[in-house]
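Residue numbers (my numbering): 21 to 135.
What follows is the structure, given as structure tokens:
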């Protein structure tokens, strides 16, 4: 499974035997595109997507986003809403010292407070 998570969306594809699955046609915005292409599925949720629990007690993610500014709470730039990035940090899926190649240090205590 190939996965690319950005700030607002996540792209997913399957690779078998070193080759990606292909699609011969797709529909984008109601238009048929009939050209062989890598079969990629996109979710409307990424690292900056805000998570919340609705009135029925169901976890919802997106479509609201923290954006790059202020960004997730763990960035320490004033973001207060819990994001997918904050959850990944609290769950130990991100190394706070090596985020973005060590250029950005994440604060898990801010993530915990937001969540």
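Where a beta carbon is used, it is the ideal one built from N, C-alpha and C, also for glycine.
Please read all numbers here as calculations on a predicted model, not as lab measurements.
Quick check on the burial criterion: 16 or more other C-beta atoms within 10 angstroms. Buried or exposed for residue i?
i           : result
residue 106 : buried
residue 99  : buried
residue 125 : exposed
residue 133 : exposed
residue 86  : buried
residue 62  : exposed
residue 55  : exposed
Mapping the DSSP letters down to three states, classify residue i as helix, strand or coil.
i           : result
residue 68  : coil
residue 106 : helix
Expressed to the nearest angstrom, what Euclidean distance is found between the alpha-carbon atoms of residue i and residue j?
i           : j           : result
residue 118 : residue 28  : 21 Å
residue 52  : residue 129 : 47 Å
residue 103 : residue 44  : 35 Å
Give a yes or no on whether the minimum CB-CB distance between residue i and chain D is below 7 Å.
i          : result
residue 82 : Although the question refers to chain D, the structure presented lacks it and comprises just one protein chain.
In this structure, what does DSSP give as the bridge partners for residue i?
i          : result
residue 36 : 39
residue 85 : 69
residue 58 : 42
residue 25 : 30
residue 48 : 51
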